[in-house]
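Chains A and B are the protein sequences, given in the same order.
Going by UniProt numbering, the first sequence wraps up at 246, each residue one higher than the last.
Going by UniProt numbering, the second sequence wraps up at 240, each residue one higher than the last.
No residue lacks a Cβ here, since even glycine has one placed at the ideal position from N, Cα and C.
Bear in mind that the values here come from a model prediction, so they are computed numbers and not experimental data.
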Amino acid sequence: MKKFFTLLKVEGKLSLRCIDSIFFGVCMPVGIMILIGLIVGQNPAPTDAGYTLIQSSFGALITVGICATAFMGIPLTIADYRDKKILKHFFVTPVSPTMLLWVHAVINMLLSLVSALLIYAVARTFFGYEIIGGKLAFFGSYLLVMVSMYSLGLLIASLCRTVKTANVVCSIVYFPMLFLSGATIPFEIFPQPLQNVASFLPLTQGIALLKSTSLGLETNLFLPLMVLVGSLVMGIILSIRFFRWE
Amino acid sequence: MKNCIEVKNLNKSYGNRVVVKNLNLTVKKGEVFGLLGPNGAGKSTTIDCILGLKLFENGSVQVLGMDPTKERKQLFERVGVQLQSSSYQGNIRVGEVCEEIAALYQSPADYYDLLAQFKLDHYLKQPVAKLSGGEKQKLSILLALIPQPEVLFLDELTTGLDTEARREVWQVLTALKEKGLTLFLTSHYMDEVEVLCDRVCIINRGETLVTDTVPELIRKSPYKRLEEAYLWFMKEEIAI
């Protein structure tokens with residue numbers, strides 16, 4: 001355990017030194033929260049009668065941090081460490097390189113949790129937000145969305161052989177997920193054809209789940225749960241199948 | 001004396017290309033063994049196979065009496081490795097990379113002592129990326145010494161080092177050798193091989209050309225220095 005925490009300390013310091021992971025993982029999501037709050041916070045949501053826009057989009061906004069860590073942080077770090085033979089070097093020590101992957105999973109989880117908590121704090125303090133549905137169900141949904149997206153991030157790391165391809169693939173995945181899943185721009189204001197396409201994104205289903213649990217709605221969650229659990233299982237199986245240490 | 005490293009009938013190919021062909025070698029405890037050969041001869045692949053980093057078609061490998069793939073955790077408490085052209089996490093500082101590596105072992109060496117021995121102690125808070133090529137190379141050897149190894153693998157140990165730094169590395173390694181360290185190295189510098197190695201094995205295109213002690217090797221050739229002897233064994237024409 002001591003090994004794990006020493007690695008966590010050193011690798012954590014390195015992550016904090018990277019401005020981009022802090023910017024995309026924490027500053028940007030909190031910034032978007034403040035912007036939306038200032039512009040339309042207290043307006044009624046376009047489709048959910050009886051809720052303000054902040055209430056309706058809180059579940060979506062806290063996934064921005066997950067998005068940044070899952071589709072930038074995790075795959076890019078792994079691709080970089082593989083390129084630099086750092087993972088390979090762990091094979092010739094008593095510790096498995098898997099431990100290094102876990103260390104980075106934990107760092108990124110902490111980063112997205114910090115981002116989510118900050119968004120909650122801002123929403124609550126400045127815009128009078130409170131979760132309507134059950135907090136435990138909401139937190140559980142949040143964790144499911146997180147691990148599900150992380151497994152997809154791991155899959156990108158497994159399939160991309162070089163840092164360059166990982167970079168390209170991450171951008172191709174990250175930006176549509178960010179803008180089309182409803183994480184930043186409310187899904188409800190998209191025209192119908194775009195909604196149909198965007199529904200295929202796993203994060204869209206994750207946001208549907210989070211929105212429903214945050215508002216305490218009694219909607220049918222079979223589809224979102226299936227998509228998230230399905231992505232998680234597929235992501236893990238395929239990552240293990242295609243993962244290369246070097 | 002007991003054997004520290006034992007390689008029997010090692011064969012390795014990538015697709016149709018044979019990289020290591022029927023390699024046999026044994027390294028005794030306290031011995032310094034050099035694996036020599038031109039670029040692409042199969043030296044790094046051989047080291048990777050010995051360390052269990054690459055699977056091989058047939059043959060067997062034992063290090064300290066253990067199978068590197070099956071007893072990895074116990075084995076690498078006692079074996080230090082420097083891989084060819086190692087690099088490090090971006091932004092990491094010298095002290096941090098030492099701390100991280102030291103944390104992986106049960107009884108690591110005091111890395112402050114090692115940094116002083118290698119004259120790197122004043123770089124403790126420096127980013128590794130800002131070190132010169134030679135200093136980075138010294139750091140990679142230093143990291144391989146952190147486990148206080150009984151067996152040390154060094155792949156191209158002094159590539160990129162200046163003359164003075166090379167001497168420093170030689171001194172540290174010779175001192176460790178006197179304490180009973182077993183060393184397996186690859187190098188392109190024959191002066192270094194003459195200073196450090198007890199026995200060498202020359203390979204080319206995966207085939208073993210000769211395995212012998214340095215003086216015997218020179219005696220078998222018509223020359224007086226290892227470099228010429230090496231080239232003679234490689235069947236190279238030397239234009240004088």
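CB Leu104 (chain B) to CB Leu154 (chain B), shorter than 8 Å? no
Reduced DSSP secondary structure (H/G/I, E/B, other) of Cys197 (chain B): coil
Could you tell me the alpha carbon to alpha carbon distance between Gln117 (chain B) and Leu159 (chain A), rounded to whole angstroms? 43 Å
Less than 7 Å between C-beta atoms, sequence neighbours within five positions excluded: which residues of the same chain meet that for Asp12 (chain A)? The amino acid occupying residue 12 (chain A) in the given sequence is Gly; Asp does not appear at that position. Around Gly12 (chain A): Ile107.
Which of helix, strand or coil DSSP assigns to Phe58 (chain A): helix
Does the Cβ-Cβ distance between Ala41 (chain B) and Arg205 (chain B) come in under 8 Å? yes
Could you list the residues in the stretch 91–113 of chain A with a C-beta less than 7 Å from some C-beta on chain B, going in chain order? Phe91, Val92, Thr93, Pro94 and Val95
Would you say Leu223 (chain A) faces chain B, with C-beta separation under 8 Å as the test? no
Using a Cβ-Cβ distance cut-off of 8 Å, determine whether Lys13 (chain A) contacts chain B. yes
List the residues of chain B whose Cβ lies closer than 9 Å to the Cβ of Val10 (chain A), in chain order. Gln89, Ile92, Glu96, Val97, Glu99, Glu100 and Ala103
Can you tell me the Cα-Cα spacing of Ala183 (chain A) and Pro224 (chain A), whole angstroms? 15 Å
Comparing the C-beta of Leu7 (chain A) with each C-beta of chain B, is any distance below 8 Å? yes
Go to Asn196 (chain A), then tell me how far its alpha helix (DSSP H) extends in each direction, as first and last residue. Gln192 to Ala198
Please state if the CB of Ser148 (chain A) and the CB of Gly59 (chain A) are separated by a distance shorter than 8 Å. no
Determine, using beta carbons only, whether Ala166 (chain A) comes closer than 8 Å to chain B. no
Beta-carbon gap between Val145 (chain A) and Thr77 (chain A) smaller than 8 Å: no
For Ile86 (chain A), name the three-state secondary structure that DSSP assigns. helix
So who's on the other strand from Met66 (chain B), going by DSSP bridges? B:Val63
Which residue marks the beginning of the alpha helix (DSSP H) containing Lys73 (chain B), and which one marks its end? Arg72 to Leu75
DSSP three-state label for Tyr120 (chain A), please. helix
Within chain B, partners of Cys18 (chain A) - CB distance below 9 Å: Gly90 and Asn91
Tell me whether Gly15 (chain B) is buried or exposed, calling it buried when 16 or more other Cβ atoms sit within 10 Å of its Cβ. exposed
Local conformation of Pro127 (chain B) per DSSP, three classes: strand
What are the residues that DSSP puts in a beta bridge with Phe153 (chain B)? B:Val81 and B:Phe184
For the putative contact between Met72 (chain A) and Phe127 (chain A), defined by C-beta atoms under 8 Å, what is the C-beta separation to the nearest angstrom? The Cβ separation is near 28 Å, so there is no contact.
Can you give me the start and stop residues for the alpha helix (DSSP H) that Gly153 (chain A) sits inside? Lys135 to Leu159
Spatial neighbours of Leu111 (chain A) in its chain, beta-carbon cut-off 6 Å, leaving aside the 5 residues before and after: Gly25 and Thr69
So which residues on chain B does Ile86 (chain A) lean against when the C-beta distance must stay under 8 Å? Ser87, Tyr88 and Gln89
So, is Tyr112 (chain B) buried or exposed, given that buried needs 16 or more other C-beta atoms within 10 angstroms? exposed
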